[in-house]
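Student: Numbering (this note's numbering), first residue to last: 5 to 101.
Using N, Cα and C, we set each Cβ at its ideal position, and we do this for glycine too.
All values derive from a computational prediction rather than experimental measurement.
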Amino acid sequence: MIETYVWHRLSTLFEMVSLWRKGKNEIDFIVKNKSLPPETILIEVKFKKVIRSNEIKYVFTHASDINCKTVIVITKSTMEFKKTNGIDTFFIPYYLI
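1) Flag this pair as yes or no: are the beta carbons of THR88 and PHE64 separated by less than 7 angstroms?
2) Taking only three categories from DSSP, how would you classify GLU59?
3) According to DSSP, is ILE76 helix, strand or coil?
4) Output yes or no for whether 7 angstroms exceeds the beta carbon distance between VAL49 and ASP69.
5) When you compare each of ILE45, THR16 and LYS61 to LEU23 by their alpha carbons, which one comes out closest?
6) Between which two residues does the alpha helix (DSSP H) containing GLU7 stretch?
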């Protein structure tokens with residue numbers, strides 16, 4: 005499964021990798037960057053060619069709630085950068101992580 009692959013890669017890059025779940029909403033991975041200042045990064049896996057904004061809306065809601073400034077969406081093939089509600093959003097193909 006692609007989430008297992010992503011978790012394995014993230015666990016080699018970050019000391020802490022966790023998840024968040026509330027009701028039916030889930031964020032696949034939450035990591036802490038040890039840069040100065042430390043930063044929380046939300047990572048969502050969407051293994052498809054086209055990702056609709058409503059499929060990841062809850063990620064941005066949670067990011068705003070915890071004052072997170074960076075979201076990464078792991079995709080099948082899309083590579084793109086967007087600013088969504090003031091949040092830096094990176095769409096990165098799984099094979100580049």
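Tutor: The relevant details are as follows:
1) Here the question's residue 88 lines up with position 84 in the sequence shown. Here the question's residue 64 lines up with position 60 in the sequence shown. The answer is yes: Cβ separation under 7 angstroms.
2) Locating residue 59 in the sequence shown gives position 55, where the first residue counts as 1. The answer is helix: DSSP assigns GLU59 an H, G or I state.
3) Position 72 of the sequence shown, counting from 1, holds the residue named residue 76. Under the three-state reduction of DSSP output, ILE76 falls in the strand class.
4) By 1-based counting over the sequence shown, the position of residue 49 is 45. By 1-based counting over the sequence shown, the position of residue 69 is 65. Not closer than 7 angstroms, so no.
5) The residue given as residue 23 occupies position 19 in the sequence shown. The candidate whose alpha carbon is nearest that of LEU23 is ILE45.
6) The residue labelled residue 7 in the question sits at position 3 within the sequence shown. 6-17 is the extent of the alpha helix (DSSP H) around GLU7.
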